[in-house]
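Peer 1: Structure incoming, see below.
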Amino acid sequence: MATKKSSNRRPDSSRSPKGKTTSVSLSQHAEVVKDNSHLKKTIDILKAENLTMKHKLDRVIERLVSYVDEDDYDFSSCVSYLDISLEDMLAMISDITSTKDSNRQEHYLETRIEEVETRITQISTEFAKLVQLKLRMENGLNEIKGCQRIDEIKQIAASLSYDSARTQIFIQPIAEKPKKPKNKMKLLSDEVQGENIQIQIPTSDSRPTSANGIPMSVACNLEVVEIPDADVKLPGDTHIKDMIPELKQLIIQELSLYKGNGADWRMFAERVGIPNQLIDQWKIMKISQPMKNVLFVWSDSPGATVRLLHRHLVSPQLKCILLAKRITNYYTVD
1 MATKKSSNRR
11 PDSSRSPKGK
21 TTSVSLSQHA
31 EVVKDNSHLK
41 KTIDILKAEN
51 LTMKHKLDRV
61 IERLVSYVDE
71 DDYDFSSCVS
81 YLDISLEDML
91 AMISDITSTK
101 DSNRQEHYLE
111 TRIEEVETRI
121 TQISTEFAKL
131 VQLKLRMENG
141 LNEIKGCQRI
151 DEIKQIAASL
161 SYDSARTQIF
171 IQPIAEKPKK
181 PKNKMKLLSD
191 EVQGENIQIQ
201 IPTSDSRPTS
211 ANGIPMSVAC
221 NLEVVEIPDA
231 DVKLPGDTHI
241 KDMIPELKQL
251 IIQELSLYKG
261 NGADWRMFAE
271 RVGIPNQLID
281 QWKIMKISQP
291 MKNVLFVWSD
301 SPGATVRLLH
311 RHLVSPQLKC
321 ILLAKRITNY
331 YTVD
């Protein structure tokens, strides 16, 4: 009787249902890994963009706050500018762009005319100083011609040098006229709750003024300052004369902007002991960057160090936390 031979061939695993399932699982796993990798890159990009937008928003809100009177708002619970509510931001924008006064344009033109008249008067005064200095120099040189002894020449030269140093001119030459900012900052050109809000930083042609007619912003104080990275922190006892120029320029620009609460160059000048008469003269002159004059006068003091500058910035009166933080990035002040 013939028997049926059994086949010893093993089943093809690739054709079995189990083999198909394994192949599909590997393919799905590879797709998931690829998607996860792409998703991770996307998240990293979005995080970087988010940090950039936060930094820009912080600068925008900081600029808004500098144009309003902080006493009208309650910022005591805000740790940073990003904590300010949307309602307060809209209120600040409304205050800045308010046109309630129908005679506002006329008042602005009158203020500008008074400012021009004041500038002409001040320029005439400064010109008179230069003429007097020129006459003293000419007379001194004529005296030197007739001197026979070196001691007399040295004495006259020292007197002329003293006269030249004593004559202080605070009018900036035309060649140093502030340039327009490289990057004009636009504030809030987005739709918020269905309202299209547009506001720009006031320029030198349409800048708001305080009660005494002093301009609150100057175009040169809006320029971006690029500060190089520091490999190591410098000592806090560094004199401000030897301070990093870019960092000093940033401080000059920020504190030269007038603030409603007075926490600007005026308060800093009072804290470092500059006479009120000199501060009032700078106010009348309407200098573009008065903080530069403050640092120049203060630099005559041996104690004018970066550490002391940092202490003034973090004081309860000034509260320039961001500027103080920039200093700590380059100097050891603790």
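Under the UniProt record's numbering, the sequence shown has 184 at position 184, and the numbering climbs by one with no breaks. Glycine included, C-beta positions come from ideal geometry on N, C-alpha and C.
Any idea what DSSP makes of L234, helix, strand or coil?
Peer 2: strand
Peer 1: Closest to E254 by C-alpha separation, out of V116, V79, W265, N139, would be which residue?
Peer 2: W265
Peer 1: L278 lies in the alpha helix (DSSP H); which residues open and close that run?
Peer 2: 276 to 285
Peer 1: Counting only the same chain and skipping the five closest in sequence on each side, list residues whose C-beta sits under 6 Å from that of M291.
Peer 2: I252, L255, S256, W265
Peer 1: Nearest-angstrom Cα distance between E270 and N276?
Peer 2: 7 Å
Peer 1: With respect to the alpha helix (DSSP H) encompassing F268, which residues constitute its N-terminal and C-terminal limits?
Peer 2: 265 to 271
Peer 1: Kindly confirm or deny that the stretch 226 to 243 and the stretch 299 to 315 touch, where touching means at least three C-beta pairs closer than 8 Å.
Peer 2: yes
Peer 1: Taking the alpha-carbon positions, what's the E114 to Q281 distance?
Peer 2: 16 Å
Peer 1: What is the residue span of the alpha helix (DSSP H) that S256 lies within?
Peer 2: 245 to 256
Peer 1: What do you reckon, are the CB atoms on I61 and I96 nearer than 7 Å?
Peer 2: Between I61 and I96, the gap from beta carbon to beta carbon reaches 7 Å or more.
Peer 1: Where does T97 fall in DSSP's three states?
Peer 2: coil
Peer 1: Which class does T167 belong to by DSSP, given the choice of helix, strand or coil?
Peer 2: coil
Peer 1: Take M137 and list the residues in its own chain whose beta-carbon comes closer than 7 Å to its own, dropping the five residues that flank it on each side.
Peer 2: Excluding its 5 nearest sequence neighbours in each direction, M137 has C-beta neighbours in its own chain below 7 Å: L160, listed in chain order.
Peer 1: Distance, Cα to Cα, S206 vs D163?
Peer 2: In this prediction, S206 scores a pLDDT of 43, lower than 50, which makes its location untrustworthy; the coordinate-derived value is nonetheless stated afterwards. Approximately 40 Å, taken between the alpha carbons.
Peer 1: Could you check what DSSP says for Y331 in three-state terms: helix, strand or coil?
Peer 2: strand
Peer 1: Straight-line CA distance for R59 to D88?
Peer 2: The C-alpha of D88 is placed about 16 Å away from the C-alpha of R59.
Peer 1: Would you mind sorting L64 into buried or exposed? The rule is 16 or more other CB atoms within 10 Å of its CB.
Peer 2: buried
Peer 1: DSSP beta-bridge partners for T305?
Peer 2: H239
Peer 1: Using three-state DSSP, classify G146 as helix, strand or coil.
Peer 2: coil
Peer 1: Please classify P228: does DSSP put it in a helix, a strand, or coil?
Peer 2: coil
Peer 1: Once the 5 residues before and after K248 are set aside, which same chain residues still bring their CB inside 6 Å of it?
Peer 2: none
Peer 1: Answer yes if the stretch 229 to 236 comes into contact with the stretch 314 to 333, meaning at least three C-beta pairs across the two stretches below 8 Å, and no otherwise.
Peer 2: yes
Peer 1: Given this structure, state the Cα-to-Cα distance separating L318 from A324, to the nearest angstrom.
Peer 2: 11 Å
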